[in-house]
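According to the working numbering, the residues represented by the sequence shown are 2 to 266, in order.
A virtual CB, placed ideally from N, CA and C, is assigned to each residue, including glycine.
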Amino acid sequence: MKKKEVYYYNDELNDEFSRANIVPRVIDKNYKYIHKNPLWDFCSFFIQNILSMPIKILYGKLKFRIKYIGKEKLKQYKKDGYFIYVNHTQPFADVFIPSLPVYPKRNHFIVNPENVSMKFLGNSIQLFGAIPIPNKKDGMKNFLKSIKYHIEKKHSITIYPEAHIWPYYTKIRPFKDVSFKYPVELEKATYCMTNTYQSYGKNKKKVRIVTYIDGPFFANKNLNSKDQKKELRDKVYNCMCKRSMNSNIEVVKYIPNKDVTFKNR
């Protein structure tokens with residue numbers, strides 16, 4: 002294991018530690034979310050579930066010795082669409098970590114506009130399953146239509162409610178309930194996957210990812226829509242917090258800037 006890095010943060014909700022510096026493109030009403038061309042659909046399926054799968058498996062095994070606990074919980078809704086909420090702790094691996102246990106179901110993931118703004122790639126990222134959040138209000142209608150479209154196609158949709166990447170972070174950052182409106186409105190099952198970092202090896206100094214799968218969770222239809230979102234969010238958040246306690250090794254240390262300021266007084 003490499004020497005521990007130290008990151009200083011100000012805001013758990015908004016600080017970003019991804020090293021990518023990409024200018025986001027405009028995602029508005031003109032952005033094409035749904036491609037009904039059979040050739041596009043075939044290419045997307047081929048890339049997601051055939052071409053990239055050996056790379057995902059090998060990278061996960063060789064880089065992280067990844068292990069999933071609770072995969073059997075997904076079988077109950079293998080013939081239906083559902084939502085997956087995951088903590089955001091890897092810039093590359095987070096793209097495929099949820100895809101492996103849901104296979105052969107096709108997995109799509111909601112991303113920031115920067116992810117479809119990379120040079121030379123652009124819209125082709127959609128072929129891998131990306132659904133970018135619009136940064137213009139008039140793009141929201143088509144964005145919501147695409148979520149419904151993929152759920153009705155019995156695909157899974159992965160959401161990173163923390164929104165920003167904190168590499169190797171071992172806790173769960175507080176997140177809002179806004180993204181929980183999708184399973185509430187579509188009345189679909191919700192799962193969470195919690196990536197934890199655990200030691201292994203002769204001296205217990207090597208690190209691996211152990212991902213816990215929990216659910217399904219459902220919204221309480223006896224509540225109004227606002228309270229349904231909040232309660233569902235709390236169920237997922239509390240479950241992820243509990244699972245995160247299984248992390249037993251720290252690769253990156255995160256320190257609040259206020260603590261540093263206080264110590265330096």
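Per the C-alpha coordinates, the member of Lys177, Ser157, Phe144 and Lys205 positioned closest to Tyr238 is Lys177.
The Cβ neighbour count for Lys236, taken over all protein chains shown within 10 Å, is at least 16; the residue is labelled buried.
Here Pro102 really is in contact with Tyr69; their C-beta atoms are around 5 angstroms apart, less than 8 angstroms. Contact annotation: Thr197 and Tyr213 have beta-carbon atoms nearer than 8 angstroms. Secondary structure note for Asp42: its alpha helix (DSSP H) is the uninterrupted segment Pro39 to Phe47. Its Cα nearest to that of Ile51, the residue Phe129 stands out among Glu115, Ile35, Phe129 and Ile210. Gly216: not part of any alpha helix (DSSP H); member of the beta strand (DSSP E) spanning Lys207 to Phe218, first to last residue.
If the five residues before and after Tyr86 are omitted, its C-beta is found closer than 6 angstroms to the C-beta atoms of Ile160, Pro162, Cys193 and Val237, all from its own chain and listed in chain order. A buried status is given to Met241, since no fewer than 16 other beta-carbon atoms sit within 10 Å of its beta-carbon. At a Cβ-Cβ threshold of 8 angstroms, Ser100 and Lys155 do not count as neighbours.
It is roughly 11 angstroms from the alpha-carbon of Ile158 to the alpha-carbon of Asp81.
When secondary structure is reduced to three states using DSSP, Ile70 falls in the strand class. Under DSSP, Cys193 shares a beta bridge with Tyr86 and Asp215. Counting only the Cα atoms, Asn88 lies some 20 angstroms from Arg107. No Cβ-Cβ contact shorter than 8 angstroms links Asp215 with Gly61. Put simply, of Lys172, Val27 and Ile152 the residue whose alpha carbon is nearest the alpha carbon of Tyr83 is Ile152.
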